[in-house]
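Visitor: What follows is a single structure, and I will ask about it in a moment.
There are 2 protein chains.
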Amino acid sequence: MPLAKTDTFDNSDKQLADIAKALSHPARINILRILNERNSCITGEVVDLIPLSQSTVSQHLKELKRVNLIKGEIEGPRTSYCLNEAMVEKTKSAFTKLFSTFKCC
Amino acid sequence: MPLAKTDTFDNSDKQLADIAKALSHPARINILRILNERNSCITGEVVDLIPLSQSTVSQHLKELKRVNLIKGEIEGPRTSYCLNEAMVEKTKSAFTKLFSTFKCC
DNA sequence: ATAATATATCGTATATTTACGATAAGCGAT
DNA sequence: ATCGCTTATCGTAAATATACGATATATTAT
């Protein structure tokens, strides 16, 4: 974003757009699905399941953590990730709310 | 996306990620709301309501059109845009389905 | 024909994203 | 103390995204 006229947009739209951004890569949706199935997962397990390098997967995890969709807990030498259920639900609500404003929905 | 290992991801996840990308800018969410309220709108009206230049707004419209969330119809010298209701509903369903797979939702 | 209007596209600058390998930092075991 | 393992971060390259002004194109009106 070169210039920041962006400040004039509605705040909740900015938040929703930001979460949409976090969901805008198939690897990250994949990661959410994995964490949902396994309840929790260390980085290495995610890396084994995603066809991307360790460092790239780590970046995707970081992005999901940035928007709070997942939580990471350090357990000795590893990090255990899991869904942040509260945020997942909040996100679901936010999308539901957006679509409910559309006449056709 | 420098390299294209992306081909190994689930196809519907790739589609959903792509739509999420289209929703990942507040201006574009704003445009969807505007088109919903007014049923249809020419480019110029959208430009007047969005704090961005004409060319930038045109790009955002193009991105929304790329994923089929909106339709554009040329009407003489103008272009009239409206929501693609079928796609809006499909998108709603896709998100609903995604979130319904999460245990917490 | 020409002028005015509307809008998409071009050219361009900057920022961000995505990807990777390499490195650093932390922990546990030896 | 050192080694091995795990993972985050650094450095970097390439691709995309975002923004703008300028321009091209098409249509309507004069």
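Listed in order, the protein sequences are those of chains F and P. Note that the first sequence covers residues 1 to 105 in the working numbering. Note that the second sequence covers residues 1001 to 1105 in the working numbering. The beta carbon of each residue, even a glycine, is placed where N, CA and C say it ideally should be. Since this is a predicted model, take the numbers as computed values, not measurements.
1) Could you check whether F/Arg28 and F/Glu63 sit closer than 8 Å to each other, using their CB atoms as the reference points?
2) Can you name the start and end residues of the alpha helix (DSSP H) that F/Lys97 belongs to?
3) For the structure I just gave you, are there three or more beta carbon pairs, one from the stretch 18-27 of chain F and one from the stretch 1010-1020 of chain P, closer than 8 Å?
4) Please go through the same chain and pick out, in chain order, the residues whose beta-carbon is closer than 6 Å to the beta-carbon of P/Ser1055, but skip the five residues on each side of it.
5) Quick one: using the 10 Å Cβ neighbour count with 16 as the cut-off for buried, is F/Asn84 buried or exposed?
6) Checking contacts by CB at 8 Å: is P/Asn1030 closer than that to chain F?
7) Using only the alpha-carbon positions, how far apart do F/His60 and F/Ser80 sit?
8) Since P/Val1047 and F/Cys104 are thought to touch, with beta carbons under 8 Å apart, how far apart are those beta carbons, to the nearest angstrom?
9) Within 10 angstroms of its Cβ, does F/Thr91 collect 16 or more other Cβ (buried), or is it exposed?
10) Kindly indicate the opening and closing residues of the alpha helix (DSSP H) around P/Ile1031.
11) Could you compute how far the alpha carbon of F/Phe102 sits from the alpha carbon of P/Leu1069?
12) For P/Lys1065 and chain F, any beta-carbon pair shorter than 8 Å?
13) Which residues share a DSSP beta bridge with P/Thr1079?
Guide: For this structure:
1) yes
2) Glu85 to Ser100
3) yes
4) none
5) buried
6) yes
7) 15 Å
8) That pair is no contact at about 24 Å.
9) buried
10) Pro1026 to Arg1038
11) C-alpha separation (whole angstroms): 12 Å.
12) no
13) P/Ile1074
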